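Quick notes on the structure that follows.
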Amino acid sequence: MRNYSTLLTLFEQHHTFALSTHLNPDGDAIGSEMSLYLFLKRLGKSVKMFNTDAVPLNYRFLPFWDSIQNAQAVGTYRPEVLVVLDASTLERIGKTLSKTLLPTHALVNIDHHATAEAFGDINLIVPSASSTSEIVYKLIKHHQTPIGKACALCLYTGLMFDTGCFRYSNATAETHRIAAELIEIGDFAPDEVYRNVYEQVPVGKIRLLSDVLRTLRVTDNGKIASVYATQAMFRKTGTTADAVEGIVNQIQTVAGVEVALCVTELKDGSAKVSLRSQGQVDVGKLAAKFNGGGHARASGCRLMMPYPSAITALVASAQECIHQNTKTNKSRDC
Ligand SMILES: [Mn+2]
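Dropping the structure here:
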């Protein structure tokens, strides 16, 4: 509660703001950034948004998405306060932005990742929150300012995205209550939001999905499932690495699988890994062993090695975690 007040006081004391979020922004990144933008505007502040990557097409139904500018647009702009949302490190907003977008007074970090770095002058890190959007919702509530219609839509989109459409364990009774309130305030149809976000898939992405699913391997004990995506697949299907987003969630649906992983070969030959867990293995800790991070059930890391070696390393490490957990049957190292 104190953190919310500290942040609101800071907001009240300053006039110029810049907001930013992580590379390849997702629904929670865009949703939390735009809802905070609308809130600060409502408070009469001067606010600009700068992201390294463009707003994905499926989030362009959100009002004011085109107010988000790119890194080049920063120029000599120096806000008093820079708020970074949903990014576990400052570098996650992009190399250029993290060096050029400098506040004159304070750097604020709002995030819900358990492994979030406290890189801000003020850090509002709430790992128990379903999403960064939920934290922004609570911040606005704390201020007792009414949530506007457009703001409610942005917050709902973030909440929906980060809970996997209210399917994950972070979708609590409270999350559902907040969602219901936002639907009422925003006066939108939740099924339309769903269709906008999830049913605008380019055909190349479905072709990529087909190629990636064909690489499925399950370990002999049936507990670890892995897939991979290569640069050759991206070239063939006319897609890029961000098209892999979400595929790991499908791998996790295989019956009996405890850990699902999806390895993407990046342009520089390194391997980007997404991990999911059914709960027995803390994949946040597992990813941390490879200098990555995230949550207990969803995490990621990047390995500076070819993708086949990365798969071998990750599968071995996940196997070890499963062995350890069945042996000790108590607190988990991973
Ligand atoms: Mn998030």
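Each residue of the sequence shown is one higher than the one before, counting from 743 in my numbering. Don't be surprised by glycine CBs; every beta carbon is placed ideally from N, CA and C. Computed from a predicted model, the values in this text were never measured in an experiment.
Going by the CB atoms, is the gap between N991 and R956 shorter than 8 Å? no
Limits of the beta strand (DSSP E) - the one that I889 falls within: No beta strand (DSSP E) holds I889; DSSP gives it neither H nor E.
Mark T981 as exposed unless 16 or more other C-beta atoms lie within 10 angstroms of its C-beta, in which case mark it buried. buried
How many whole angstroms separate the CB atoms of D904 and S873, which I take to be in contact at a CB cut-off of 8 Å? 4 Å
In the DSSP assignment, what residue or residues form a beta bridge with L895? According to DSSP, which records beta bridges pairwise, L895 is partnered with nothing at all.
Option nearest A985 by Cα separation, candidates L750, G1035 and L1008: L1008
For D795, is the beta carbon positioned less than 7 Å from some heavy atom of ligand 1? no
Nearest-angstrom Cα distance between R937 and V823? 35 Å
Quick one: is the Cβ of H854 within less than 7 Å of any heavy atom of ligand 1? yes
Nearest candidate by alpha-carbon position, reference E876, set I1064, D770 and G1011: D770
Inside the region 1015-1074 only - alpha helix (DSSP H) runs reaching at least 4 residues: 1025-1030 and 1049-1070
Please specify which runs of the beta strand (DSSP E), each continuous and at least 3 residues long, are wholly inside the region 952-981, giving them in chain order. 966-971
Inter-residue Cα distance where the pair is A967 and H1037: 19 Å
Is D808 near ligand 1, going by C-beta to nearest heavy atom under 7 Å? no
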